[in-house]
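Shown next, in structure tokens, is the structure this report addresses.
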Amino acid sequence: MSTTLAAGADLGTLLQLAAVQRAGFALLLAAVGLPVVGVVIVGLDIMPVRFAMMHVALLGIAVGLLTGLDPMLCALVACALAGAGVAPLARTPDGLSGAMGLLMSLAIAAALLVLAVSGVNASGAFALLWGSILSVGTADLVVLGLLAVLVPGLFWWRRRDVALLLYDRELAQCSGVPVRALTAVLLVLVAVAVAGAIKLTGALLVDALTLLPALAARRLGTSLRSITVWAVAIGVFVNLTGFLIALWLDWPPGPVLVLTAGILVLAVHLVPERRISSWRPQPASAALPSSH
């Protein structure tokens with residue numbers, strides 16, 4: 029009992045620290061924008077994007093360390109440019125995965141070359157990929173805040189176009205959706221989201237903030253709107269609960285966030301599946317009344 033009270037007292041003391049409060053606020057902002065990015069990743073079936081952007085982030089960090097610029101800013105710019113750069117290659121759903129594979133190979137090769145030629149300490153670059161949530165600064169909060177506004181805002185503003193694109197690329201194009209431009213914007217947002225989450229969990233564990241809430245939300249939602257709302261709600265719960273557990277037990281936040289999200293995803297999938305209406309648009313023939 030005394031141990032529990034002591035742990036509670038320690039947690040209360042930690043929550044009064046400015047660095048811990050900034051980290052908690054950053055996780056709250058991340059829970060608004062990043063799970064919606066996860067919905068894009070699942071909908072476009074571009075799972076390799078996380079690994080590709082991790083390598084691109086490493087390249088940006090290496091360039092930052094070489095030039096003396098802010099490594100995280102360089103990682104953010106590199107990921108944004110990479111997301112826009114692969115968009116023209118993503119002419120088909122399969123092309124998205126192929127483009128990410130190409131990007132991953134080129135980025136890691138370039139990063140290793142920069143580190144080798146420049147003599148920059150590689151361990152320092154790789155260490156940034158594991159995350160440092162208590163070192164979150166104003167710039168990180170600004171990026172996460174922008175994502176928290178822009179990503180849900182885009183989904184609400186262009187929800188029909190986004191729904192069509194996530195359902196079927198060709199159908200979206202035939203329906204007048206600006207597929208290339210919208211795909212480029214979504215890929216840039218995905219890339220920036222991965223870079224923005226580096227300090228929170230590290231790029232290696234970014235799934236906790238993006239993909240896992242989206243996977244659970246796909247099980248619970250009945251429409252694109254409800255899936256998005258569920259993803260954000262799950263993200264808020266996972267981020268705050270995982271962060272508090274990590275502080276209480278004095279464990280690294282990144283792995284705790286991943287395990288918390290993973291347990292929730294498993295719990296959601298253990299719930300008996302019920303008949304739900306698909307969030308995807310129905311073919312025109314499905315809407316026609318039967319002639320019998």
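Numbering of the sequence shown is given in my numbering, commencing with residue 29 and proceeding in unit increments. Cβ atoms here follow ideal geometry from the backbone N, Cα and C, with glycine treated the same way. Computed from a predicted model, the values in this text were never measured in an experiment.
Quiz item: Per DSSP, what kind of secondary structure is residue 352 in: helix, strand or coil?
Solution: Outside the displayed span of the chain (29 to 320) sits residue 352, for which this structure offers no information.
Quiz item: Which term fits residue 78, buried or exposed, when burial requires 16 or more other beta carbons within 10 angstroms of its beta carbon?
Solution: buried
Exercise. Compare the C-alpha of residue 183 against each of 235, 267, 166, 71 and name the closest.
Key: 71
Exercise. Would you mind reading off the limits of the alpha helix (DSSP H) that contains residue 88?
Key: 77 to 95
Quiz prompt | Through-space distance from residue 299 to residue 90, alpha-carbon basis | solution = 45 Å
Self-check item: Burial state of residue 288, where buried means 16 or more other Cβ atoms lie within 10 Å
Solution: buried
Self-check item: Integer-rounded CB distance, given that residue 88 should sit under 8 Å from residue 105
Solution: 7 Å
Quiz item: Hey, is residue 107's beta-carbon within less than 8 Å of any beta-carbon in chain B?
Solution: Any reference to chain B falls outside this structure, which holds one protein chain only.
Quiz item: residue 314 to residue 139, Cα distance in whole Å?
Solution: Low local confidence applies: a pLDDT of 41 at residue 314 is under 50, so the model's placement there is unreliable, and no value is given.
Quiz item: If you check the beta carbons only, do residue 81 and residue 107 fall under 8 Å apart?
Solution: yes
Quiz item: What first and last residue would you give for the alpha helix (DSSP H) that runs through residue 229?
Solution: 226 to 229
Practice problem: Below 8 Å CB to CB, which residues in the same chain sit around residue 110 once its five sequence neighbours on both sides are set aside? | Solution: 80, 81, 84, 131, 135, 219
Practice problem: Identify, in the order they occur along the chain, each residue of the same chain with its Cβ nearer than 7 Å to the Cβ of residue 259, setting aside the five sequence neighbours on each side. | Solution: 63, 64, 66, 67, 241, 242, 245
Quiz item: Is it right to say residue 197 is buried, meaning 16 or more other beta carbons lie within 10 angstroms of its own, or is it exposed?
Solution: buried
Quiz item: What residue range is occupied by the uninterrupted alpha helix (DSSP H) comprising residue 49?
Solution: 46 to 72
Exercise. Given a cut-off of 8 Å, decide if residue 55 and residue 268 are closer than it, judged by their beta-carbon atoms.
Key: yes
Quiz item: Which residues bound the alpha helix (DSSP H) around residue 283?
Solution: 281 to 298
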